[in-house]
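A.B. asks:
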Amino acid sequence: MSLPQYEVFALRYGTRDARSSSHFLGGDPHDVPMPMDYFVWVARSPDKTFVIDTGFTQEDATQRKRTFLHCPIDMLSELDLKADAVSDVILTHLHYDHAGNFGKLPNATFHLQDREMEFATGRAMGYRKMAHSFDVDDVVGVVRANFAGRVQFHDGEAELAPGLTVHRLGGHTPGMQCVRVNTARGVVVLASDTSHFYENFMNYRPYVTVVDQAAMLDGYRTLRRLADSLDHIVPGHDPLVMKKYPAMSKATEGLVIRLDGAPKN
Ligand SMILES: [Zn+2]
Numbered sequence: 374m375s376l377p378q379y380e381v382f383a384l385r386y387g388t389r390d391a392r393s394s395s396h397f398l399g400g401d402p403h404d405v406p407m408p409m410d411y412f413v414w415v416a417r418s419p420d421k422t423f424v425i426d427t428g429f430t431q432e433d434a435t436q437r438k439r440t441f442l443h444c445p446i447d448m449l450s451e452l453d454l455k456a457d458a459v460s461d462v463i464l465t466h467l468h469y470d471h472a473g474n475f476g477k478l479p480n481a482t483f484h485l486q487d488r489e490m491e492f493a494t495g496r497a498m499g500y501r502k503m504a505h506s507f508d509v510d511d512v513v514g515v516v517r518a519n520f521a522g523r524v525q526f527h528d529g530e531a532e533l534a535p536g537l538t539v540h541r542l543g544g545h546t547p548g549m550q551c552v553r554v555n556t557a558r559g560v561v562v563l564a565s566d567t568s569h570f571y572e573n574f575m576n577y578r579p580y581v582t583v584v585d586q587a588a589m590l591d592g593y594r595t596l597r598r599l600a601d602s603l604d605h606i607v608p609g610h611d612p613l614v615m616k617k618y619p620a621m622s623k624a625t626e627g628l629v630i631r632l633d634g635a636p637k638n
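Residues in the sequence shown are numbered consecutively from 374, following our numbering.
(1) The alpha helix (DSSP H) that contains Thr-435, what's its start and end?
(2) In or out: Phe-429 buried (at least 16 other Cβ within 10 Å) or exposed?
(3) Under 7 Å from any heavy atom of ligand 1, by CB: list those residues in chain order, please.
(4) Just reading off the alpha helix (DSSP H) that His-481 is part of, what are its end residues?
(5) Need the endpoints of the alpha helix (DSSP H) that Leu-590 sits in, please.
(6) Checking 8 Å against the spacing of the C-beta atoms, do Ala-518 and Phe-475 come in under that value?
(7) Which same chain residues, not among the five before or five after Pro-377, have their C-beta less than 6 Å away from its C-beta?
(8) Rounding to the nearest angstrom, what Cα-Cα distance links Pro-445 and Trp-414 in this structure?
(9) Does the Cβ-Cβ distance between Arg-558 and Gly-634 come in under 8 Å?
(10) When DSSP builds the beta bridges, which residues end up paired with His-540?
(11) When the Cβ atoms of the segment 619 to 634 are set against those of the segment 377 to 393, are three or more pairs found closer than 8 Å?
(12) The beta strand (DSSP E) with Phe-526 in it runs from where to where?
(13) Would you check if the distance between the CB atom of Phe-412 and the CB atom of Gly-592 is smaller than 8 Å?
(14) Which same chain residues, not among the five before or five after Gly-473, have their C-beta less than 7 Å away from its C-beta?
(15) Considering only residues of the same chain and omitting the five flanking positions on each side of Asp-390, which have a CB-CB separation below 6 Å?
(16) For the beta strand (DSSP E) that Asp-461 lies in, which residues bound it at each end?
(17) What distance in whole Å lies between the Cβ atoms of Thr-388 and Asp-404, which are believed to be in contact at a cut-off of 8 Å?
(18) With respect to the alpha helix (DSSP H) encompassing Gly-514, which residues constitute its N-terminal and C-terminal limits?
(19) Give the DSSP-derived three-state secondary structure of Asp-566 in the structure shown.
(20) Residues in the same chain with beta-carbon distance under 6 Å from Glu-626, minus the five sequence neighbours each way, listed in chain order, please.
(21) Pick from Met-615, Ser-395, His-466: whose alpha carbon is nearest that of Ile-425?
(22) Could you say which of Asp-487, Val-459, Leu-613, Ala-493 lies nearest to Asp-420 if we only look at CA atoms?
(23) Out of curiosity, what's the CA-to-CA distance linking Pro-579 and Leu-542?
(24) Please state the DSSP three-state secondary structure of Leu-449.
(25) Out of Arg-496, Thr-422, His-527, Ile-606, which has the shortest C-alpha to C-alpha gap to Phe-570?
(26) In chain order, what residues of the same chain lie with their CB nearer than 6 Å to the CB of Thr-482, ignoring the 5 residues before and after it?
(27) Would you kindly check if the distance between the Cβ of Thr-538 and the Cβ of Val-516 is under 8 Å?
(28) How far does the beta strand (DSSP E) with Arg-488 in it extend, from its first residue to its last?
(29) Relative to the alpha-carbon of Arg-392, which residue among Glu-530, Val-581, Ala-600 has its alpha-carbon at the smallest distance?
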């Protein structure tokens, strides 16, 4: 039986200016402008829709000086997806820019790696350097969702539906997972923060926020193994993604793009 093919969308909900030296472990001698985009993703087959990450909130944006373009949950309406109809959300990890906006998805089950929950509720959060990228209210929100029976935990690789699997790669956080999804152009891997930029996995240059450098480097190799080609890997924060892939429609230019068609070169 052939696998279902998913439509895959990236929704760009935020952005910020930055320099390349702030992104790479050990800095960057070129130190050029290197902005960062913020996305959530949607994978949709005829049978099943997955929302992948839930983005940050306006309050987070103000606090952390990010540019908030749109509420990522409101943006789902561009795909005719109602927030209360979302049944499955994959949280690639629990950093503030991936796991906010809980209350806006009242009927969702959240798919999360065991190790991410352990990390985000464990001793590491006593260290400012580790806790910095988490928002305690998001973490408490996941604890509450778990008490309500709304968290489905995974330990490593798991098939969530035919044609869609998650894979724990660690590195950035211990429970960091990517999403592998079958599409009309082959198997696409949504890297999320297993590779923030193309530059990370293309040239094995670790991102600056890292708990396990060796795992992060291994992750770049695993991304290559999981995807049908380098062009099938979609990094989690790279503005180049917006240039490479076509907008879903004229009206969504700069906001919603399709990843299940071939990228422009
Ligand atoms: Zn992150």
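Where is the CB? At the ideal position from N, CA and C, for every residue including glycine.
C.D. replies: Let's see:
(1) Start at 1 with the first residue of the sequence shown, and residue 435 comes out as number 62. Run containing Thr-435: 431 to 437, per the alpha helix (DSSP H) assignment.
(2) Walking along the sequence shown from the start, residue 429 turns up at place 56. Buried, because 16 or more other Cβ atoms sit within 10 Å of the Cβ of Phe-429.
(3) His-466, His-468, Asp-470, His-471, Ser-506, His-545, Thr-546, Asp-566, Thr-582
(4) The count along the sequence shown starts at 1 and reaches residue 481 at position 108. The sequence shown places Ala at residue 481, not His. Counting along the chain, Ala-481 falls outside any alpha helix (DSSP H), and DSSP gives it neither H nor E.
(5) Taking the first residue of the sequence shown as position 1, residue 590 is located at position 217. Residues 586 to 599.
(6) Translated into the one-based positions of the sequence shown, residue 518 becomes position 145. Translated into the one-based positions of the sequence shown, residue 475 becomes position 102. Yes, they are a contact pair.
(7) Counting from 1 along the sequence shown, the entry for residue 377 is found at position 4. Closer than 6 Å at Cβ, skipping near neighbours: Ser-418, Pro-535, Gly-536.
(8) Counting from one through the sequence shown, the residue named residue 445 turns up at place 72. Counting from one through the sequence shown, the residue named residue 414 turns up at place 41. Taking the straight line from one Cα to the other gives about 9 Å.
(9) Position 185 of the sequence shown, counted from the start, is the residue given in the question as residue 558. Position 261 of the sequence shown, counted from the start, is the residue given in the question as residue 634. Contact: yes.
(10) Counting from 1 along the sequence shown, the entry for residue 540 is found at position 167. His-540 pairs with Cys-551.
(11) yes
(12) Here the question's residue 526 lines up with position 153 in the sequence shown. Where Phe-526 is concerned, the enclosing beta strand (DSSP E) stretches over 524 to 527.
(13) Along the sequence shown, one-based indexing puts residue 412 at 39. Along the sequence shown, one-based indexing puts residue 592 at 219. No; because the gap between Cβ atoms is not below 8 Å, this pair is not in contact.
(14) The sequence position of residue 473 within the sequence shown is 100, counting from 1. The answer, listed in chain order, is Thr-427, Gly-428, Phe-429, Thr-430, Asp-433, Asp-508, Asp-511.
(15) Taking the sequence shown and counting its residues from 1, one reaches residue 390 at position 17. Around Asp-390: Pro-408.
(16) Start at 1 with the first residue of the sequence shown, and residue 461 comes out as number 88. Here the beta strand (DSSP E) through Asp-461 covers 461 to 463.
(17) Translated into the one-based positions of the sequence shown, residue 404 becomes position 31. Translated into the one-based positions of the sequence shown, residue 388 becomes position 15. 20 Å between Cβ atoms; not a contact.
(18) The residue you call residue 514 lines up with position 141 of the sequence shown. Counting along the chain, the alpha helix (DSSP H) containing Gly-514 begins and ends at 509 to 520.
(19) The residue given as residue 566 occupies position 193 in the sequence shown. Coil, per DSSP.
(20) Residue numbering aside, residue 626 sits at position 253 when the sequence shown is read from its first letter. Once the five neighbours on either side are set aside, the close Cβ partners of Glu-626 are Ala-620.
(21) In the sequence shown, counting from the first residue as 1, residue 425 sits at position 52. Among Met-615, Ser-395, His-466, the Cα nearest to that of Ile-425 is on His-466.
(22) The residue given as residue 420 occupies position 47 in the sequence shown. Comparing Cα-Cα distances from Asp-420 to each of Asp-487, Val-459, Leu-613, Ala-493, the minimum goes to Val-459.
(23) Taking the first residue of the sequence shown as position 1, residue 579 is located at position 206. Taking the first residue of the sequence shown as position 1, residue 542 is located at position 169. Each residue's Cα considered, the two are about 13 Å apart.
(24) The sequence position of residue 449 within the sequence shown is 76, counting from 1. Three-state result, Leu-449: helix.
(25) The residue given as residue 570 occupies position 197 in the sequence shown. That would be Ile-606, whose Cα lies nearest to the Cα of Phe-570.
(26) In the sequence shown, the residue the question calls residue 482 occupies position 109. Cβ within range, chain order: Asp-461, Arg-523, Gln-525.
(27) On the sequence shown, position 143 is the one that residue 516 refers to. On the sequence shown, position 165 is the one that residue 538 refers to. No, Cβ-Cβ distance for Val-516 and Thr-538 is not below 8 Å.
(28) Taking the sequence shown and counting its residues from 1, the one referred to as residue 488 is at position 115. It is not in any beta strand (DSSP E) - Arg-488 instead sits in the alpha helix (DSSP H) that spans 487 to 493.
(29) Against the sequence shown, residue 392 aligns to sequence position 19. Answer by Cα proximity: Val-581.
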